[in-house]
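In what follows, a single structure is set out as structure tokens and then discussed.
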Amino acid sequence: MKKMITLMTEEISKAFEKAGYDPSYGRVTLSNRPDLCEYQCNGAMAGAKAYHKAPMVIAEEVAALLADSPVFKKAEAVRPGFLNLTVREDFLSGIMRQMEEEKCLGVEKAEKPKTIIIDYGGPNVAKPLHVGHLRSAIIGESLKRMGRYLGHQVIGDVHLGDWGLQMGLIITELRHRKGDLPYFDEAFTGEYPKEPPFTIADLEEIYPSASARSKEDEDYKNEALEATAQLQHGRRGYMALWHHIIDVSVSDLKKNYANLDVSFDLWKGESDAQPYIPDMVQRLKDEGFAYEDQGALVVDVAEENDTKEIPPCMILKSDGASLYTTTDLATIVERMKLYHPDEILYVVDKRQELHFIQVFRCARKTGLVPDGTALNFLGFGTMNGKDGKPFKTREGGVMRLENLIAEINEEMFKKIVENRSVRDTDAQDTAKVVGLSAIKYGDLSNQATKDYIFDIDRFTSFEGNTGPYILYTIVRIKSILSRYTEEGGHIGEGAILPPESESEKALMLALQAFAQNMEAAFEEKAPHRLCAYIYEVSNAFNSFYHETKILSQDEPSRRQSLIRLLVLTERVLTEAISVLGFSAPDHM
Ligand code: ARG
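Residue numbering for the sequence shown follows the numbering used here, starting at 9 and increasing by one per position.
Here is the structure:
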């Protein structure tokens, strides 16, 4: 279906044309004086120059032609030449009826669907997930869902950090503790045990202690470096241990992500890119892009207009080892080969921006990506505590994701119990569902690139711009609808009629903008736009609800119309939160 804003623009464009002006002046925008009108068109101001006429003259001509418009109740020329527009009630209810028919509520599927890889999550194997990884997971998941909603083929890749020094550290620590395991015996040729020699709890203790020791003990650190190198050269026993580490860690990660309602199509990691490195390096050398600089292999990526210095992209260290950049470049090669994406989008901490500038420029310059493939970086800000510093536990340590979720759920549980009339048996489950909305909405409602303050009190509040407030609105609608059916009403009867009050009209005007906001949010990679939109819809609904008799409405066709409007509102909110990555309970 055509968007209302498009229909309005078409209507005004026709009038411009009829009056002898270029139809392109008919563009309609949201009013920036909502006290005066709903929409506006500034075309007469722009046309004035081209046609050497007073803008007011043009505006008046156009307004006169809109006098009997089926779209506008009022099209008024006002000084110095604006067109102030008010929509007809029956036109608006017509739009609502069309929206009801649409599975995606008026969102058009992309004409040319793109294949988009989103690289998000980015956890490091064997290191516990902490809040730093939370933002990537939440933002990436919502962009993935948005892209799909708009008809694109979106592939989510977790891109595990599974090939670095942390592997060598764990292997070294295990060797110190359990040196007689067959993995360390180079003469061993038999089959290694199927069962891993550690649990996730062990791993979570092993890594930090190995990491701490390596910072104090030089020999130990060298041992870990050596173990990493041997692993990377494919030492059999270490590869077997590495597989165990991945298995144990990945199943734990999957559990954690499932709790966040985050999922990935690909569980690839840095290690998967390694086979692509030798050929890639060779090619960069052969084609003259890579050169040696103090023993290291580098590609220049500085550009003339750079305002700050962009150092060369390092491909190999002087000892021949590959780096984070090498892996990311090789991952691009792999992704091009396997998926031919039109776009690769990285959702990563903005402090890694320079790394991605180097990688993107190098990939572009050397032709690892064709011109038709976009490489984009969505760098997000830091999640801070109330003190404005990166979020920590009360004791000052790094907050683990699981604990953070538990803390939110507990707080949510308290609030729900305080607030409710419902049986307590499911309060715990409800707290989980609402808690997730608090975390995700709290994050997504901020512009991704900005730092934000993680404030449990505010995020879990039922009032204000919060996830629980949005859910509360949905639950309110659900409960009215179930009361309606309990009292013998049938949902789906009648039809949406023209609005009879300002607040009802405002709700409809908010609802019709769903498609526009969904598209803009994806286009701008800005989930916060979708949050702002559903906040607006929720506010519009709650004002309407407070001044409208719904179930006690006597006139049956009017009651049916209001019920249908409620259903539509619930659908808009429910689709939007599902795209954002959370859901609503049946009651709260
Ligand atoms: N594992 C990395 C980290 O924790 C994030 C990976 C981001 N993705 C990428 N392709 N580099 O910092």
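Positions of the beta carbon are idealized from the N, C-alpha and C atoms, including for glycine.
Between L573 and L515, the CB-CB gap stays under 8 angstroms.
In the three-state reduction of the DSSP assignment, A85 falls in the strand class, which pools E and B. It is roughly 25 angstroms from the alpha-carbon of L519 to the alpha-carbon of V441.
Exclusion of the five residues before and after K22 leaves no residue of its chain whose Cβ lies closer than 6 angstroms to its Cβ. Distances between the C-beta of Y354 and the heavy atoms of ligand 1 include at least one below 7 angstroms. Rounded to the nearest angstrom, the gap between the Cα atoms of I485 and K557 is 14 angstroms. DSSP places Y460 in the strand class (E or B) of the three-state scheme. According to DSSP, E300 shares a beta bridge with L305. Around the CB of E231, 16 or more other CB atoms lie within 10 Å, so the residue is classed as buried. The beta-carbon distance between F272 and D350, rounded to whole angstroms, is 20 angstroms. This is too long to meet the 8 angstroms contact definition. Of the candidates K397, T474, K422, K397 places its Cα closest to the Cα of Y460. Inclusion of D336 in the 7 angstroms shell around ligand 1 follows from its C-beta lying nearer than that to a non-hydrogen atom of the ligand. In this structure the region 274 to 283 lies against the region 333 to 348, because at least three pairs of beta carbons, one per stretch, are closer than 8 angstroms. In this structure, K448 lies away from L538, with their beta-carbon atoms at least 8 angstroms apart. Runs of the beta strand (DSSP E) lying entirely within the region 126 to 199, each at least 3 residues long, are 161 to 165 in chain order.
Remark: C-beta atoms of T468 and E419 approach each other more closely than 8 angstroms. Per DSSP, Y33 lies in no alpha helix (DSSP H) segment and is marked neither H nor E.
Relative to the Cα of E203, the nearest Cα in the group T493, K223, I254 belongs to I254.
Distances from the CB of G148 to the heavy atoms of ligand 1 are all 7 angstroms or more. Excluding sequence positions up to five before and after C49, its CB lies within less than 7 angstroms of the CB of I20, G34, R35, V36, L91, L93, all in the same chain and listed in chain order. Taking H184 as reference, the option from Q161, Y157, I208, S222 with the minimal CA-CA separation is S222. Burial is judged here by how many other beta carbons sit within 10 angstroms of a residue's own beta carbon; H348 has fewer than 16 and is exposed. Beta-bridge analysis with DSSP links L588 to no other residue.
Taken through DSSP and simplified to helix, strand or coil, C321 comes out as strand. Sixteen is the threshold: since fewer than 16 other Cβ atoms of the shown chains lie within 10 Å of the Cβ of P88, the residue is exposed.
Secondary-structure assignment with DSSP links D357 through a beta bridge to F388. Going by C-alpha positions, A304 is about 40 angstroms away from E531. Here the distance from the Cβ of G387 to the nearest heavy atom of ligand 1 is not below 7 angstroms. Relative to D127, the option among N525, E149, A134, P136 whose CA is nearest is E149.
For C539, the uninterrupted alpha helix (DSSP H) segment begins and ends at 535 to 555. Contiguous alpha helix (DSSP H) elements confined to the region 409 to 483 occur at 409 to 427, 435 to 452, 464 to 467, taking only those with 4 or more residues.
Taking P564 as reference, the option from H554, M526, G502 with the minimal CA-CA separation is G502.
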